[in-house]
Amino acid sequence: MTCRKQYVVARPAYCEDSFAEEHEKFSRLHKTMLDHVKDYLTCDKKRMKNVALSLLPVVGWMRTYRIREWMLGDVVSGVSTGLVAIMQGLAFSLLASLPPSYGLYTAFFPALAYFFLGTSRHISVGSFPVLSLMVGAVVTRLVPENAPPANITDFEGLTQDHQRVLVASSVTFLMGIFQLAMGVLRVGFVVVYLSDTLVSGFTTAAAVHILVSQLKFVLGLNVPGISGPLSIIYTLEKIFGQMASSNVCDVVMSSVIMVVVFIVKELSERYKAKLPVPIPVEVITTVVACSVSYGFNFEKTYEVEVVGQMISGYESPIAPSVEVFQESAMEAFPIAIVGFAVAFSVAKVYSIKHDYTIDGNQELIAFGVSNIFGASFRSFAASTALSRTAVQESSGGKTQIAGLISAMMAMIVTVALGFLLEPLPKSVLGALVIVNLKGMLMQLREISHLWRRDKFECVVWVGTCLSAILLGLDLGLAVGLGVELLTVVFRTQFPRCSVLANIPGTDLYKDRKDYLHILEPKGVKIFRIPSPIFFANIEFFRDKLLEAVGFNPLRILRKRNKALKKMKNLFEKQGDTMMEENMDMFSKDPKGFPFHVDWNAELPANISVPKVGLHSLILDFSAVSFLDISALKGLKMALKEFIRVDVDVYIASCDACILDKLKSCTFFDDDVHTSMFYPTIHDAMLHVFNKHNTETRTKWVVSKKQNKTKQNKDTTLL
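In our numbering, each number is its position in the sequence shown, counted from 1, plus 399.
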């Protein structure tokens, strides 16, 4: 049995006015926008030092580097990660519609810049399949395979490959500018709008696109790249149309590679606790495939498409094309957002695991500079890949020294060993890409899980995935973000309102539908709305409130006004007789009526007015985080409607900021005042029980004087 501790608190029952009288509130000085600007621009030695350390995180962790404990692990991790990065760079360059050599550039230059500027010690910076595919969509749009390129002046005198490299590097440069600008402006928080559900659906759709894009390499088909909405449908149509002419050698070789790599990866995952480092199966299969392809001359004997001539060394830097900027700005921004979101998510996982902090804004700066620097040397969009980062961390990597060694491995291959990869069949690279999609494709299992747990999240996942598959990754991301924001609006616009009741013997109030033994005092309704109240849901709030109380106060008020007119006519006809019999029961009313009516008493036979069994309404505002001007007007109107039909309205647990806003917006007047506000529901309930009793009134006409005297006597306590 759970141990329950008892507590007893003796205090007065407060309303907001009495609480303010007894507990003086400290008046704080709030900084103006000018004050914040001055603080931001203030410069001193300490701040300069902090800025320098934040911009160069390498200085911080290098000062505490443990050479004896960490160096060996970083070296082993760097070599292992470098081998994987080389293979992935070659493979993912196909996704970007570029020659494989430029994948090695992406494995070197961005990692070099991130070493100095990044705050994560474990992520492996380089090519990422989703970004490669998004860049490839721009490349194939501006430089199609079997059609003339776009009308861009900078393309003059360039071969098709160099035109594509210029497009990819320019898009990457612009992507880096976006990331750097967001980092400098301290807007790293934008990534919070990409929920885990949205990212999961988006990456699953990207995996489908990647799978389809690699089929032509695996099958040995010549299918031109297609971009734009429904491009995946058109690509599949062309692939199935040429299926009969598939290259048997490519099909057999890629099938064997996929089976072997899949089995070895599954075994490595199962026995990872016993393995010092993950088995570099991609490297092994690549070496074997290169050897077999070279020995049997697959390129000429079986017409297998191979990697071909690898560029030896590094080419001179190039300037980005402003015309490509203009053509690709709409695609570069989502690439920048997705690249940062994926990298930051992975970095956050490992920072929590190894107990250190990462800075989102500094990460934006790091990736912005990395992509700008890399694009200047012809690399394409860089982020991180979960599989590659997992290798770097699991093989003993402690710092970005491992990332630096990984980059050095890519440099060695580029400068000296690239020619060894020339006989490598592209179908092998395609097979390696496909087999590494398992993790992203397995995210399809989340649909059933999300449907059982949260249907709104399931809608976001499915909507993002389907739109990204059918419309393309850039438009799909925008649609997914729109669906996600719509679900937020829907949740706040149509929240689950509830009527609360008291748990007997406690000061706790819960939904009356959820508990068997619960006390709902007669004549009192406690209504809770678990959402901000704003222009879009104020009418929903009023409708749910009327549904909870069971009547519309405006209709009651209209019927009472009609009844009062009948009563006035009755008094005009029988006034003398009634005044003689009940002289002390009537007093002159300002509106012309010499009486006060108890509408719940028995009325004359010819007068019918619905009875209101409610004398007190308590609104629980504990979950209301803000109100806008439209909500203030609607709320005030709703309160006055209930007050005019003799229902006392109280608001409990209202946030202090909302109360201050109500005061500043002249919310209070003669009918609505601050004494209606109570710190807790129980304070309001104590006041209600103190004010009202349960006696049944039988007279339908009570003088004002009598009514006032009677109310003073009604002091029943809880």
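For glycine and all other residues, C-beta sits at the position ideal for the given N, C-alpha and C.
The structure presented is a predicted model; accordingly, all values stated were derived computationally and were not measured.
task: Find out if the Cβ-Cβ distance for the pair V377, A495 is shorter than 8 Å.
output: For the chain, the structure presents residues 400 to 1117; residue 377 sits outside this window and is missing.
query: Under the three-state reduction of DSSP, which class applies to F507: helix, strand or coil?
result: Numbered from 1 along the sequence shown, position 108 holds the residue referred to as residue 507. Under the three-state reduction of DSSP, F507 is assigned to coil, being neither helix nor strand.
query: Below 8 Å between beta carbons: does that hold for G795 and S476?
result: Translated into positions along the sequence shown, residue 795 becomes position 396. Translated into positions along the sequence shown, residue 476 becomes position 77. With respect to S476, G795 sits close: the two C-beta atoms are nearer than 8 Å.
field: Bounding residues of the beta strand (DSSP E) (the contiguous stretch that carries N901)
entry: Within the sequence shown, residue 901 is the residue found at index 502, counting from 1. Start and end: 897-901.
- prompt: Which of helix, strand or coil does DSSP assign to K1010?
  reply: To locate residue 1010, count along the sequence shown from 1; it is residue 611. Here K1010 sits in coil by DSSP.
- prompt: If we ignore side chains and look at the alpha-carbon of each, how far apart do G488 and A781 end up?
  reply: Taking the first residue of the sequence shown as 1, we reach residue 488 at position 89. Taking the first residue of the sequence shown as 1, we reach residue 781 at position 382. Roughly 10 Å between the two C-alpha positions.
task: Please classify R403: does DSSP put it in a helix, a strand, or coil?
output: Here residue 403 is taken as the residue at index 4 of the sequence shown, counted from 1. Coil.
field: Secondary structure, alpha helix (DSSP H): runs of 4+ residues fully inside the stretch 585-623
entry: The stretch 585-623 contains, as complete alpha helix (DSSP H) runs of 4+ residues, the segments 595-618 (chain order).
task: Classify L452 as helix, strand or coil using the three-state DSSP reduction.
output: Start at 1 with the first residue of the sequence shown, and residue 452 comes out as number 53. Residue state, collapsed to three classes: helix.
D1047, enclosing alpha helix (DSSP H) - first and last residue: Locating residue 1047 in the sequence shown gives position 648, counting from the first residue. D1047 -> not in any alpha helix (DSSP H); beta strand (DSSP E) instead, spanning 1047-1051.
field: Residue range of the beta strand (DSSP E) that includes R927
entry: For the purposes of this step, residue 927 is identified with residue 528 of the sequence shown, where counting begins at 1. 923-927 is the span of the beta strand (DSSP E), which, as asked, contains R927.
Residue interval of the beta strand (DSSP E) (run including S1015): Here residue 1015 corresponds to residue number 616 of the sequence shown, with the count starting at 1. S1015 -> beta strand (DSSP E) spans 1015-1019.
- request: Compare the beta carbon distance of E821 and M652 with 8 Å and say whether it is the shorter of the two.
  value: Position 422 of the sequence shown, counted from the first residue, corresponds to residue 821. Position 253 of the sequence shown, counted from the first residue, corresponds to residue 652. For E821 and M652, no; Cβs fall outside 8 Å.
- request: Any chance you could list the alpha helix (DSSP H) runs of at least 4 consecutive residues sitting entirely within the stretch 692-770, in chain order?
  value: With a minimum length of 4 residues, the unbroken runs of alpha helix (DSSP H) contained wholly in the stretch 692-770 fall at 697-700, 721-752.
message: T1073 and E421 - do their beta-carbons sit closer together than 8 Å?
response: Stepping through the sequence shown from its first residue, residue 421 is reached at position 22. Stepping through the sequence shown from its first residue, residue 1073 is reached at position 674. Here E421 is not near T1073, since their CB atoms are 8 Å or more apart.
task: Can you tell me the Cβ-Cβ gap for T480 and V790, rounded? I've got them flagged as a contact below 8 Å.
output: Here the question's residue 480 lines up with position 81 in the sequence shown. Here the question's residue 790 lines up with position 391 in the sequence shown. Yes, T480 and V790 are in contact; Cβ-Cβ is about 5 Å, under 8 Å.
message: Cutting at 6 Å between CB atoms, please list the residues of its own chain near C689, excluding the five before and the five after it.
response: Within the sequence shown, the letter at position 290 stands for residue 689. Cβ within range, chain order: P822, L823.
message: According to DSSP, P824 sits in a beta bridge with which residue or residues?
response: The sequence position of residue 824 within the sequence shown is 425, counting from 1. Answer is V705.
- prompt: K448 to C442, Cα distance in whole Å?
  reply: For the purposes of this step, residue 448 is identified with residue 49 of the sequence shown, where counting begins at 1. For the purposes of this step, residue 442 is identified with residue 43 of the sequence shown, where counting begins at 1. Between K448 and C442, the C-alpha separation is close to 10 Å.
- request: Tell me Y413's beta-bridge partners as DSSP assigns them.
  value: Sequence index remark: in the sequence shown, residue 413 carries index 14 (1-based). The beta-bridge partner set that DSSP reports for Y413 is empty.
query: When you compare only the Cα positions, how much space is there between P920 and I928?
result: Stepping through the sequence shown from its first residue, residue 920 is reached at position 521. Stepping through the sequence shown from its first residue, residue 928 is reached at position 529. Their Cα atoms are separated by approximately 20 Å.
query: By Cβ distance below 6 Å, which residues in the same chain neighbour C896 in space, the five residues on each side in sequence not counted?
result: Taking the first residue of the sequence shown as 1, we reach residue 896 at position 497. Excluding sequence neighbours, C896 sits near I928, K943.
query: To the nearest angstrom, how far is it from the Cα of K990 to the Cα of M966?
result: Looking up residue 990 in the sequence shown gives position 591. Looking up residue 966 in the sequence shown gives position 567. A caution first: K990 carries a pLDDT of 48, below 50, which makes its placement in the model unreliable, though a value can still be read off. Cα atoms of K990 and M966: separation of roughly 13 Å, rounded to the nearest angstrom.
field: Close beta carbons around V832, own chain, < 8 Å, minus the five adjacent residues each side
entry: Taking the first residue of the sequence shown as position 1, residue 832 is located at position 433. Same-chain partners within the cutoff: A490, F491, L493, L494, P528, I609, Q613.
task: Pair every Cβ in the stretch 580-592 with every Cβ in the stretch 759-767, then say whether three or more of these pairs are closer than 8 Å.
output: Cβ pair count under 8 Å is three or more, so yes.
message: I'd like to know whether the C-beta atoms of L618 and D649 end up nearer to each other than 8 Å.
response: The residue labelled residue 618 in the question sits at position 219 within the sequence shown. The residue labelled residue 649 in the question sits at position 250 within the sequence shown. In contact: L618 and D649 (Cβ atoms closer than 8 Å).
- prompt: With burial defined as no fewer than 16 other Cβ atoms inside 10 Å of the residue's Cβ, what is the status of T558: buried or exposed?
  reply: If you number the sequence shown from 1, residue 558 lands on position 159. So T558 ends up on the exposed side.
message: P931 and V1048 - do their beta-carbons sit closer together than 8 Å?
response: On the sequence shown, position 649 is the one that residue 1048 refers to. On the sequence shown, position 532 is the one that residue 931 refers to. Contact: no.
message: Using 8 Å as the threshold, is the C-beta distance between G879 and T905 below it?
response: Counting from one through the sequence shown, the residue named residue 879 turns up at place 480. Counting from one through the sequence shown, the residue named residue 905 turns up at place 506. Contact flag unset, no.
message: Is the beta carbon of L1013 closer than 8 Å to that of V948?
response: Here residue 948 corresponds to residue number 549 of the sequence shown, with the count starting at 1. Here residue 1013 corresponds to residue number 614 of the sequence shown, with the count starting at 1. For the 8 Å CB-CB criterion, V948 and L1013 form a contact.
message: For Q405, count the other beta carbons within 10 Å of its own beta carbon; 16 or more makes it buried, fewer makes it exposed. Which is it?
response: Within the sequence shown, residue 405 is the residue found at index 6, counting from 1. By the neighbour-count rule (16 or more Cβ atoms within 10 Å), Q405 is not buried but exposed.
F572 and I771 closer than 8 Å at C-beta: Sequence index remark: in the sequence shown, residue 572 carries index 173 (1-based). Sequence index remark: in the sequence shown, residue 771 carries index 372 (1-based). It is a contact, given that the beta carbons lie within the stated cut-off.
- prompt: Considering only the beta carbon of each residue, do V723 and L497 sit closer than 8 Å?
  reply: Here residue 723 corresponds to residue number 324 of the sequence shown, with the count starting at 1. Here residue 497 corresponds to residue number 98 of the sequence shown, with the count starting at 1. Cβ distance not < 8 Å, so V723 and L497 don't count as in contact.
query: If you draw a straight line from the alpha carbon of K445 to that of L516, how long is it in whole angstroms?
result: As a working note, residue 445 is residue 46 in the sequence shown. As a working note, residue 516 is residue 117 in the sequence shown. Taking the straight line from one Cα to the other gives about 20 Å.
- prompt: For M1036, is the classification buried or exposed, using 16 other Cβ atoms within 10 angstroms of its Cβ as the cut-off for buried?
  reply: Working through the sequence shown from its first residue, we reach residue 1036 at position 637. Under the 10 Å beta carbon count, M1036 is surrounded by fewer than 16 other beta carbons and is classified as exposed.
- prompt: In three-state terms, what does DSSP make of V458?
  reply: Here residue 458 is taken as the residue at index 59 of the sequence shown, counted from 1. Looking at V458 - three-state DSSP - the assignment turns out to be helix.
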